[in-house]
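Numbering (our numbering), first residue to last: -8 to 170.
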């Protein structure tokens, strides 16, 4: 196998792995730049593919600097294009694309949707996201009540406490005087 074929196989394999296992190679982002794994893999794959094409078309008639230089120019251009595309896509992605976690809701207000026997569901809003989550509390709650998130359990259940005062009891109807 030629070195160009190895470069093409390694580049395409690294690109496929980085896209399929997104987030696994984020350590490279700290080492080089944001999105470095797909950009470097794209450049390596293009270098190998163009090198194989140049070698197949020209055979042994080309000098080594040309045989390596032509694929190198294409690899640098594809790497720059992949980097520009990565930056553009990264900027267009909303900053709040990460879903809510129960841990970040501690200390925020939630609204009770339904409640029965110390358990129910609440609706929480944070960073523009809205989520319906299970909750539990020792306080007597009912639908529409505003509550405060005290803690988040390991099973993503919120522990909440009443925030607004309980509703006043209904006034008693006056009875007609006995005659």
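Backbone N, C-alpha and C fix where the C-beta goes; we use that ideal spot for every residue, glycine too.
Range covered by the beta strand (DSSP E) that runs through residue 122: Unbroken beta strand (DSSP E) run through residue 122: 120 to 127.
Nearest-angstrom Cα distance between residue 55 and residue 38? Rounded to whole angstroms, residue 55 to residue 38 spans 15 Å at the Cα level.
Exposed unless 16 or more other CB atoms sit within 10 angstroms - verdict on residue 74: Note on residue 74: 16 or more other CB atoms within 10 angstroms of its CB, so buried under the neighbour-count rule.
Give the DSSP bridge partners of residue 174, in chain order. With the chain covering only -8 through 170, there is no way to say anything about residue 174.
At 3 residues or longer, what runs of the beta strand (DSSP E) sit wholly inside the segment 82 to 115? Listed in chain order, they are 100 to 107.
Mark residue 35 as exposed unless 16 or more other C-beta atoms lie within 10 angstroms of its C-beta, in which case mark it buried. With at least 16 other beta carbons inside 10 angstroms of its own, residue 35 counts as buried.
Roughly how far, in whole angstroms, is the beta-carbon of residue 78 from the beta-carbon of residue 61, given that I think they are within contact range, below 8 Å? That belief does not hold up - the Cβ atoms of residue 78 and residue 61 are roughly 27 Å apart, past 8 Å.
Buried or exposed: where does residue 66 fall if 16 or more other Cβ atoms within 10 Å of its Cβ makes it buried? With 16 or more other Cβ atoms within 10 Å, it is buried.
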